[in-house]
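These notes are about the structure you will find just below.
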């Protein structure tokens, strides 16, 4: 499915928004690129405990999630363990408690391709704490997120997109790898938009929420060639607060990229 770039980059510029849309479980979970699965196998072979974990109180929900994922992805035989799902599914996935009273704690999951965060560090924390490092996110949409999760009906599926910019197309951006980030030498042809297509549903057989993440990379010069998109990208970067730009690793690269995007836009 082609991303809705106009929706992701509105003319009004940067602000934290949920931008939810009805989801399609089969489309999201079915199918896997062989090269992507090979990469998942490689990282699971090197550090399985880093990428697949579950709290003891989340094990029953994890079993329900594995059954749900097996059906959604049409997998035979069905998934039996978190480690197996890490090797057979392309998206990563997380389990959140469905209880608003405990803040929707992170119970476990499989995250082979994190975007500069670690599952080990977030495990057991309420969702607000998981989001705490993101400047302004809780203040702007935290209440909306909590309200949406509280009323999410079992079986209903929703999707949204989240983006960042990267100096590479590496899938695994775990902090332990300490990969080089963007700097002042960044150009449109050496910068990729790292897009997370996210999926959310409430499990029917367990008091838990299932959150999926599917990654794709899009080089900025190709995106800038899309009609009207270069200007929207530039506006998003220009309007982004300094704290957010720093969090996203864009502080040094933002100026050169805005200039290049404006040149493409004819501004």
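Residue numbers (the working numbering): 81 to 347. Positions of the beta carbon are idealized from the N, C-alpha and C atoms, including for glycine.
- If only complete runs of 3 or more residues are kept, the segment 268–320 shows the beta strand (DSSP E) at 272–282 and 288–299, in order along the chain.
- Under the three-state reduction of DSSP, residue 246 is assigned to strand.
- Two segments are said to touch when three or more pairs of C-beta atoms, one from each, lie closer than 8 Å; by this definition the segment 267–283 touches the segment 240–247.
- Rounded to whole angstroms, residue 285 and residue 212 show a C-alpha spacing of 30 Å.
- Where residue 177 is concerned, there is no enclosing alpha helix (DSSP H), although the beta strand (DSSP E) around it starts and stops at 172–177.
- With at least 16 other beta carbons inside 10 angstroms of its own, residue 171 counts as buried.
- Residue 94 sits away from residue 240, with the two beta carbons spaced by 8 Å or more.
- Around the Cβ of residue 319, a 10 Å sphere holds fewer than 16 other Cβ atoms; the residue is exposed.
- Residue pairing by DSSP places residue 239 opposite 101 and 279 in a beta bridge.
- Here residue 126 is exposed, its C-beta having fewer than 16 other C-beta atoms within 10 Å.
- CA-to-CA, the gap between residue 152 and residue 264 works out to about 43 Å.
- Pairing residue 207 with residue 176 gives a Cβ-Cβ distance under 8 Å.
- The beta carbon of residue 270 sits closer than 8 Å to those of 247, all from its chain and outside the five residues before and after it, given in chain order.
- When beta bridges are read from the DSSP output, residue 190 appears opposite 132 and 173.
- Leaving aside the five residues that flank residue 154 on each side, the residues in its chain whose CB is nearer than 8 Å to its CB run, in chain order, 106 and 110.
- Within the same chain, Cβ atoms closer than 6 Å to the Cβ of residue 180 are found at 230, the five residues on either side in sequence being excluded.
- Within the same chain, Cβ atoms closer than 8 Å to the Cβ of residue 121 are found at 167, the five residues on either side in sequence being excluded.
- Note that the C-beta distance between residue 149 and residue 169 is below 8 Å.
- The Cβ-Cβ distance between residue 290 and residue 304 does not fall below 8 Å.
- The C-alpha of residue 341 is placed about 41 Å away from the C-alpha of residue 129.
- Straight across, the Cα-Cα distance linking residue 136 with residue 272 is about 38 Å.
- Assignment of residue 198 by DSSP, reduced to helix, strand and coil, places it in the coil class.
- Looking at the backbone, the Cα of residue 197 and that of residue 253 are separated by about 8 Å.
- Nearest to residue 113 by alpha-carbon distance, out of 296, 337, 87 and 309, is 296.
- Straight across, the Cα-Cα distance linking residue 178 with residue 187 is about 10 Å.
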